[in-house]
Structure formats: C-alpha cells, structure tokens
Amino acid sequence: MLTDELKKGSAEFLLLSLLEAEPRHGYELQKLIESRSQGVLTFHVASLYPLLYRMEDRGWIAGKWVEKAGERRRRFYRLTAAGRAALEAQRDSWREFVTAINRVSGVRYA
Amino acid sequence: MHDPHDWRADVRARLASSGLHPQDEAELADEVGQHLEAQFAELAPKIGPVAAREQLLAELREQGFDEAASRRRRRARPSRARVWSSTSVLRDLRYGFRSLRRSPGTVAAGVAALALGIGLTTMMYSIIYGLLLKGLPFDDPSRIALIYRADPTGRGEEDLVPYGDYVRYRAEQRSFAVYGAYYTAMASISGGDRPERIDVARVTSGALDVTGARAALGRTFTSADNAPDAPPTVLLGYAIWRDRFARDSSVVGKPLRVNGRAYTIIGVMPDGFEFPRSQKMWLPVQLDAAGLAPGQGRPVNIVGRLRPGVELGNANAELAGLSRRLARENGDTAAVRDLAQPFVRALIPARVYSLLYAMLGAVFLVLLVACANVANLLLDRAANRSREIGIRVALGASRVAVIRQSLVESGILAGMAAIAGVALAQSGIVAFNRTMLAIQADTPFWADIRLHLPVLLFVIGVAVAASIVSGLLPALHSARVDVNTILKDESHSASSRRVGRLSRAIVVAEIALSSAMLLAAGFMTKSIVRMRMMDPHFTTNAIFTARITASSSTDTARARQLFEGLERDLASVSGVDGAVLANGLPGVEWQGGRVEVEGHVYARPQERPVTRTLAVSSGFFRTFGVSLLQGRGILSTDRAQTQRVVVINDAFARWQFAGVNPIGRRIRLGETPTDADWATVVGVIPTLYAGNSRNAWPPEVLTSLAQEPRLSSVSIALRGADGVANAATVRRIVSALDPEVPVYSIASMDELMFRAQWPVRVLGTMFVLFGVASLVLAAIGLYAVMAFSVSRRTREMGIRIALGATAGSVVGMICRQGAVQIALGMTVGFAVGALVVQAARAALFEVRPSDPWVFGASALAACLIPAFRATGVDPVIALRSE
Chain A
303 MLTDELKKGS
313 AEFLLLSLLE
323 AEPRHGYELQ
333 KLIESRSQGV
343 LTFHVASLYP
353 LLYRMEDRGW
363 IAGKWVEKAG
373 ERRRRFYRLT
383 AAGRAALEAQ
393 RDSWREFVTA
403 INRVSGVRYA
Chain B
1472 MHDPHDWRAD
1482 VRARLASSGL
1492 HPQDEAELAD
1502 EVGQHLEAQF
1512 AELAPKIGPV
1522 AAREQLLAEL
1532 REQGFDEAAS
1542 RRRRRARPSR
1552 ARVWSSTSVL
1562 RDLRYGFRSL
1572 RRSPGTVAAG
1582 VAALALGIGL
1592 TTMMYSIIYG
1602 LLLKGLPFDD
1612 PSRIALIYRA
1622 DPTGRGEEDL
1632 VPYGDYVRYR
1642 AEQRSFAVYG
1652 AYYTAMASIS
1662 GGDRPERIDV
1672 ARVTSGALDV
1682 TGARAALGRT
1692 FTSADNAPDA
1702 PPTVLLGYAI
1712 WRDRFARDSS
1722 VVGKPLRVNG
1732 RAYTIIGVMP
1742 DGFEFPRSQK
1752 MWLPVQLDAA
1762 GLAPGQGRPV
1772 NIVGRLRPGV
1782 ELGNANAELA
1792 GLSRRLAREN
1802 GDTAAVRDLA
1812 QPFVRALIPA
1822 RVYSLLYAML
1832 GAVFLVLLVA
1842 CANVANLLLD
1852 RAANRSREIG
1862 IRVALGASRV
1872 AVIRQSLVES
1882 GILAGMAAIA
1892 GVALAQSGIV
1902 AFNRTMLAIQ
1912 ADTPFWADIR
1922 LHLPVLLFVI
1932 GVAVAASIVS
1942 GLLPALHSAR
1952 VDVNTILKDE
1962 SHSASSRRVG
1972 RLSRAIVVAE
1982 IALSSAMLLA
1992 AGFMTKSIVR
2002 MRMMDPHFTT
2012 NAIFTARITA
2022 SSSTDTARAR
2032 QLFEGLERDL
2042 ASVSGVDGAV
2052 LANGLPGVEW
2062 QGGRVEVEGH
2072 VYARPQERPV
2082 TRTLAVSSGF
2092 FRTFGVSLLQ
2102 GRGILSTDRA
2112 QTQRVVVIND
2122 AFARWQFAGV
2132 NPIGRRIRLG
2142 ETPTDADWAT
2152 VVGVIPTLYA
2162 GNSRNAWPPE
2172 VLTSLAQEPR
2182 LSSVSIALRG
2192 ADGVANAATV
2202 RRIVSALDPE
2212 VPVYSIASMD
2222 ELMFRAQWPV
2232 RVLGTMFVLF
2242 GVASLVLAAI
2252 GLYAVMAFSV
2262 SRRTREMGIR
2272 IALGATAGSV
2282 VGMICRQGAV
2292 QIALGMTVGF
2302 AVGALVVQAA
2312 RAALFEVRPS
2322 DPWVFGASAL
2332 AACLIPAFRA
2342 TGVDPVIALR
2352 SE
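Protein chains in written order, with my numbering: chain A, 303 to 412; chain B, 1472 to 2353.
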C-alpha cells in the first residue's frame, strides 16, 4: 500500500499526466486516477480541489468554465506551457528515481 | 438516479465561515457541488443513498478542504468599513431616490399608506402624551402624588380620605417633603357686573406648595390662613383677575364677596394655573381638626411631593402601615387601603386610561396594516428586480449592502411618510382640540395636546420601526438570492415561488390586523347608532337650561322663597311652553341615595338599595314631555305642608314592586330617614335615560322640589322660545328676585346630552375612522397581493387551462386558496380585536363586548371585501398578457 507521503509527492505528477492528453474536469480526474490505479490511489474532494487550485495558482494548469447547450457549466482544467515543462521535469526525475531504486533493490520489470 | 439533495447548498454551508466573496463562493459551490452530485449518483446504488450521502459529507468536512476555499479567494470581500462609509450610504440614498422615481405609483401608494398610519399614531400619541404622560406643568412633576382611598370592592371607584385621617398622616408621615389636602367645590362670587358661579378648590397651604408654583401677584396661603378662626382670604386665578378685575395690579388686599361673605384677596396665580384640575380660584381649608378622630371629618384629597430619594413604593409601604394603625385605633373592621399614585395617573379615571391606550393600540394596528402594504409593494419590486440584484451581487455587492439598499428605500418611503404623517397629525390634533372646546369637555388644565418634542421623537421612532418592518422582509428576500439561479431564471418562476410564500404570510397578517380593527369599529358603530337611535323618553329639543345657586346656603327659607318666585315668574315668560326647577337634569347628572320600601326588612342600613333621585317642580312633565304610565305626576299642590309624594319610574316599579300595583305604597329616601320621610307613590313614568356609562336606565324616584327641606342650588329648564333671549330673560328675572344670585352653566339640553355622551360620540367616531382607514388599506393591499400572485402564476394557469381546466375552475381554485388565508387571519384578528374592545369599554353604549351580531357582521365584512377584491382579478385576462 502506498504511504500518504508517497501519494502526496506523486499526486501532482499524476494530475499533470492525466491533463496532458486533453482538458478534463475534477470529477473525471478523480475517476481516472481511481480506475487506472485500480483503486490503489483515491482522492476526495477535500484532497483533490486544494491540489488543483494550488497547481492553478502556480500556473501549471488553467481552469475554465465551459457551458454546453442543455448542460450545466463545468470547470475544465488544461495544461499550460509551464505545466508541460513541470510535467517533463517530473517525468525525468521520476525516471531517475525509479532507475535508482531498481539498481539498489534489484527489482526488475517483468 | 435522481438526487433531490442540493449538494451546492452543502458546499455553501461548509464555506460559511470562510467569508468568501459571494461570487467566489458560488463558483466553488458549483464546481464541488457538481462533483459530489456525480459521485453520489455513482455511489448510491452500491452502498445505498443514506450511507453514500454520509460518506460524501464526511469527506467534505475534512480539514483539507479549507485550503481549497482559501485558494479560491479571488475577490476581496467588501470590508465593513467600506460598506458603512458615509459615501456608500450617500450613494445608496441617491440610488434609492433614483430607483424610486422610476416607479412613482409604488412610492405614492406606499407613502400614502404609511403617512396615514404614522399620522394616526402620532395624533393618538400626542393626545396621550399631552393628557397623561407630560404631567403637571411644574418642577419635577413625577414626584407629585395623589393619595386616595382605594375602593374595597375593587371596582376602581376611588374615594376621598376623611380630614381626621389626613391630620394624623400629616403628623406621622416621613415620605413626603410637602403635604397638603384639598377639596373641590363651587362658589358664587358677587359684586361688580353680575354674580358668577365658579369652580374653586379649598386648599391647605401645603396643597399649593406641593406644586411649587408662585403667585403672580401677592402671596399664596400660609398655615395661618387655614386656622378655623382666621379672617377669610381668597387667591384669584388668572382668568378671574383678567375678566373681573381687568388685570388690576392693586387688587391684593381688596375685598371679594364669596358665597355672600367678604373675603380678602391675597394674591393672583399665574396664567394657566388651575390646580388641581380646572379650578379658577382658591379658598383656604378652614376645618377644625382639634376634635376630629381618625375616620371623621370632611373627605379630602391628599397631595404630596416626595422627599428626595423616596420612591412611591416606599411612600405606599409607609401609608399602608399608618392606615392599618388608624383603622385599628378606630375599631374599623373594614379593610381600608390608602394609596399614593402619580397625580395625573390618579386623577384620570382608569377607564379613560384604558380607552386611550386601546385607541393607541388600534392605530398601531392601522400602522401595521400600512407596513404590510408597503412590505408587499417592496416585495413586488424585489421580485421584479431579482435579476438586477443578482447582477449587483455578481459584481461584488455584499449581502449586507443589498439588505441596506432595500432598507434605504423603505427608509426613504417612511421618511416622506413621516413628514406627511406629521402634517396629518397636526390637522387631526387641531380638529380634536376644536371638538373638545366646542363641546366644552371638562379637560384638565395641564392637558396640552400638540406636537411636543417627545411626540416628534416618537414619530422618528415610529418611522424607523415602520421602515424596518416594511423593508426587512423584502430586503432579506433580496439578499437570499442565488446569483446563478436568478441570472438564469428567465421566467422568474423560482423567485416568485418564494415571494409567493412571503406575500401569502403578509396577506394573513393583513387580514388579521384589519379584522381586529373591523371588529373594534363594528362595536363603536353599533354604540354610536344605538346612541343616536336611542329614545331617552324625554324631549331634549329646544330646551334651555341653566343653574342657579341661592346666595346663602344656610338660609333655607330665603332660598325657598327665591325658588318659588322663580317658578312662578319663569312660567309666565312669553313663548315659554313649560318651565321646571329641579335639583338636576335628566340624562346628564347622576344623583342617588339609599331607598327603603315599606314592608321590607333590611338587616343593616347599608343593605338598603341605591336609586337615582331627582327633585322636580310640577312643570317637569310638561317641559320634558314625560308621559305617565300610571297615576299622576308631581303637582304644584304637593307643598312642604302636604303629604310627601313620589313618582317612580318603570325600572323602579319592576325592581321593587314586581307583580304588585305600586300606587299607594310608601318608600323613604335618605341616609338616616325618619318616620316623617315616608312618601307615597302616586305615579309611574317610563324609565328615563340617565347618561350614566354603567347603567343608562337606572331605577329612579322623582320627589317634589317643594318637599325637599334643604336646597341651595337648582337647575332650571325652559321649553320653547330661543336660547339667547332666554339667558337674558332668566338673568333679569333672577336678578330682580336676588341680585347676588348667579346664573351659570347655561346650555341647551341637546348640548348637555352631547357633552355627556362625548366619549362614545367623539372617541367612538375616531375608532370608526381608524377601522375604515385600516379596511381601505387592507383592501388595497389585498388586491395588490392577489393581482401579484395571479400574474406570477400565469404560466401555471396557462398550463392548467391548456390541460383542460376551465377559466371558472381556475378562479375557483384561487378563491379557495384565498379562503384559507382569510379564515386564518380572521381568527387571529378577532382575538386581538376582542382585547381592544375590552380595553375600550368606556366608549361602548348598550353593546356588550361579546355581542355576537357585531362579530357576525364584522366576519362577513372581513370575508366579503377580500373575496370581492380577489375575484376582481381575472386570471384569464392575466393570461392573455403572457
């Protein structure tokens, strides 16, 4: 099981990754994390939104209200240029981190 | 799955303490609310809706969410200082005036309604303030107390205290710094142009010292003047000094004949001083206290000025102890209770107090109806402006600012209404004072009914209260808007649903208030109608009356000679169709005494019944057109030397001679009658109206004036001829018989009757006016509400009609919904109205406060008028406008 510490460190990275492909809203992000991690990673509104707003304040993502005919308006988040750079940087350091762990622990991918 | 739960409201509640700007809050609530809603839809089928809701709410409560709130703080929340700065209030005022100018109809209707309410309350408060609250026009009037003997039967009949008790109190009491006694009387003054009869007070020196008033000329009394053997002195009132002495500044020391004796003038009191009530002259009390035991002596009023630091409660405690001790020494077993009360409070009868406050309560009801009308008008505006308010909130107006904007508007209305209301009150006060003057009502000297400063402060208070009462509901309604709903709500359906609930509540309140007033007005109307329709069983038309007093109260032979001469001379005046001398007049004066019927046994003298009595000359029956039911009237042959006779009225016959023929039976009158007092019943007359508010048709015994042993004053009544000529003729005749005899209290019988009935006629009419005012206001208000709710529901009605409802059934539905409100409002209103009527008993005439007919008629009016107004709104026409 993932410790809280680990989860916290990885959460921003996961959200940035999910937004790389297309803009998504908060509920979709939660659902994706939950399903793709097969339930290992879960978020509540009380943990997801502070994170999203923090990232928006930092300029990594940008929220926008989108209104479609016949539907209620929803707030979609997209990755900004700064966010894309942050994602690349995190990917690099994550790759380095995983490699290092692998070397030390001898864990190999099947 | 449909989820009726409003998750956005939960988010808003979660954010309540974070103090976000309304728009930030709305965005956050929208985003997170949607999230939770979606999550719930997914979770509920798995673990059940209750568990799902609990789980999500628990997640929302987690502390981490606070960071979300703080990060969403995009806009500065308006600071308190900014909201309440003077520039922003001025801006609100300017904006308020501008926006009100756009709807002059609302303004006119609102101002008119509030002005009526504020005007009537101001007028009633002026009367109460001028008569009851302002107090005596002396220094520190609240410390002047009147001491009277409480009625042991608890009926509130106040009594005087025997002089013997006063003397003991004065020696032993410590509560009052100044202490005095007085009793009121009438006195004849003669010499000069013509004799006059005036109201005077016999006072001890302390009684005037209590007021602290100084003489304008000369001096007031000292205790030396009160000695039984002191040379008689008199203190003039300003009016007598002005009218009789032409403001002669050397009047002090000159003689004045009072009741046939020479008195020395010692001083003149300043203008406006008529202590204790409306006395024009003062004579010293000259009673010998030496031989008086407690419980003995002439009954007097006691006045005192409280010692500094002593309160009425202390004085009353001391008084209770003193009076108990006196009663014990006296061997008096009856529970005597002497009470000290603030002077004005004690002198004005309790029923007048209660009536005036009932009237104030009634006009407050009118004011509340007016407030309800204005609240409705503003609510209507608020509903129409919800979009505007939504935009203002979206642009950053805080809720406080929105509420304040609404209150500023109702405040502007109330302010304008206050100005109009004061003008209205002023004309009402002028009319009231003029009426009181015209009917020569016996108003006390301190009564000064005008717009005093405290009355104006009262107006400001009432206006502020009215603006809050009428502005707060619409204001709160405006402030509760949900920006997103409102801005998207093209059809106004959401806001009008809420407005609808509020205005229905206002309708119920309005019906309650106006039916309370309607009930009160109904009782007063019935009283006035009964009074106008009432047949007093004697003629009041074209009857001239006056009163004369023999120059000496002790020389009975001389008085009798005067009265006999007068009776003879008056009857011979040309044009006079009937003349009578009597010790009182029917319908206006109340005199009574104990009566004993021969053959009845009374255990104690106090058990003999009390009856009204009137001593009349033979002309009574002709002059007043009184018919005889049985036997004969008082004849001119019923003299002092002949057998004593009485004529009884129908009420007396039924009361004491039920089932037997009263003619020939004997009764005797008086406190301590002797065998010589037995008088034979020779006739029966119909029961005459007695003008007494407790019992208008009392048992009565007429005696022969010639057989009354001691009489110094008589009333005279002449029928026919015209009044002014009569006054001169009567004066001439009287003067020829005795130049020192004054002719006074000149009035026509109709005037006297009106004066005696003024509480019912004047105050009752005011009550009816209040009732009509509230009914008109309520009818206007109800029409507006009904029209408003119908127009708000046109879409719903359109759908109903489209689905097959007939126009008639839609109207029926609206009326049925109205009926519930009417029934509810009426029930509450009648309960309130019954209390008002109970308090206003003094203005009722021959109507019991529980009269079912009045309740029925009021209920009918309270139902019909709203129903009529409601059906006046045609939903089909309203539909076409859509």
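By construction, the Cβ of each residue, glycine as well, lies at the ideal position given by its N, Cα and C atoms.
Who are residue i's beta bridge partners in DSSP?
i	result
glycine 1775 of chain B	B:Ala1616, B:Tyr1650
tyrosine 1734 of chain B	B:Leu1727
glutamate 2171 of chain B	B:Arg2083
leucine 2306 of chain B	None; leucine 2306 of chain B has no bridge partner.
methionine 1657 of chain B	B:Asp1670
aspartate 1759 of chain B	Partner(s): none; aspartate 1759 of chain B has no beta bridge.
alanine 364 of chain A	A:Arg380
valine 2118 of chain B	B:Gly2154, B:Leu2173
Between the Cα of residue i and the Cα atoms of the options, which residue gives the shortest distance?
i	options	result
alanine 1936 of chain B	B:Ala1888, B:Thr2025, B:Arg1728	B:Ala1888
glutamine 1534 of chain B	B:Leu1564, B:Ser1488, B:Ser1749	B:Ser1488
alanine 1583 of chain B	B:Pro1755, B:Gln2178, B:Leu1895	B:Leu1895
aspartate 1670 of chain B	B:Thr2158, B:Arg1565, B:Thr1655, B:Thr2082	B:Thr1655
leucine 1908 of chain B	B:Ala1992, B:Glu2222, B:Gln2112, B:Gly2327	B:Glu2222
arginine 360 of chain A	A:Ser337, A:Phe345, A:Ala384	A:Ala384
arginine 1690 of chain B	B:Ala1586, B:Leu1754, B:Ile1660, B:Ser2219	B:Leu1754
tyrosine 2363 of chain B	B:Met2297, B:His2008, B:Leu2248, B:Gln2062	No answer is possible for residue 2363 of chain B: it lies beyond the span of chain B, which begins at 1472 and ends at 2353.
proline 1779 of chain B	B:Arg1799, B:Pro1612, B:Tyr1640, B:Ala1791	B:Pro1612
Under three-state DSSP, which class holds residue i?
i	result
threonine 2145 of chain B	coil
aspartate 1670 of chain B	strand
glutamate 322 of chain A	helix
alanine 412 of chain A	Only weak support is given to the placement of alanine 412 of chain A: the predicted model assigns it a pLDDT of 47, under 50, and the value that follows is read from those uncertain coordinates. Alanine 412 of chain A falls in the coil class under three-state DSSP.
serine 2352 of chain B	Note on serine 2352 of chain B: pLDDT 47, under 50, position unreliable in the model; no value is reported.
histidine 1473 of chain B	At histidine 1473 of chain B, the pLDDT of 48 sits below 50, so the modelled position is not reliable and the matter cannot be decided from this model.
asparagine 1697 of chain B	helix
asparagine 2132 of chain B	coil
leucine 1810 of chain B	strand
lysine 333 of chain A	helix
leucine 304 of chain A	The predicted model places leucine 304 of chain A with a pLDDT of 49, which falls under 50 and marks its position as unreliable; any figure quoted below should be read in that light. Correct three-state label for leucine 304 of chain A: coil.
threonine 2020 of chain B	strand
threonine 1704 of chain B	strand
phenylalanine 1568 of chain B	helix
Using a threshold of 9 Å, state whether the C-beta atoms of residue i and residue j are closer than that.
i	j	result
threonine 2027 of chain B	leucine 2182 of chain B	yes
proline 2057 of chain B	phenylalanine 2123 of chain B	no
serine 1749 of chain B	phenylalanine 1916 of chain B	yes
arginine 1668 of chain B	tyrosine 1653 of chain B	no
alanine 1946 of chain B	isoleucine 1883 of chain B	no
glycine 1775 of chain B	alanine 1811 of chain B	yes
threonine 2084 of chain B	valine 2172 of chain B	yes
alanine 2021 of chain B	valine 1771 of chain B	no
leucine 1763 of chain B	tyrosine 1634 of chain B	yes
glutamate 2069 of chain B	isoleucine 2134 of chain B	no
leucine 1848 of chain B	threonine 1577 of chain B	yes
alanine 2245 of chain B	leucine 1984 of chain B	Going by the sequence as given, residue 2245 of chain B is serine instead of alanine. Contact: yes.
phenylalanine 2241 of chain B	leucine 1866 of chain B	no
glutamate 324 of chain A	arginine 380 of chain A	yes
leucine 1564 of chain B	leucine 1531 of chain B	no
glycine 1899 of chain B	leucine 1591 of chain B	yes
alanine 2314 of chain B	serine 1998 of chain B	yes
glutamate 1502 of chain B	arginine 1483 of chain B	no
arginine 2202 of chain B	arginine 2093 of chain B	no
leucine 1990 of chain B	glycine 2304 of chain B	yes
**Message:** In chain order, what are the residue ranges of uninterrupted alpha helix (DSSP H) at least 4 long that sit wholly in the stretch 1854-1895 of chain B?
**Reply:** 1857-1865
**Prompt:** Which full runs of the alpha helix (DSSP H) of 4+ residues lie inside the stretch 2022-2064 of chain B, going along the chain?
**Reply:** 2027-2042
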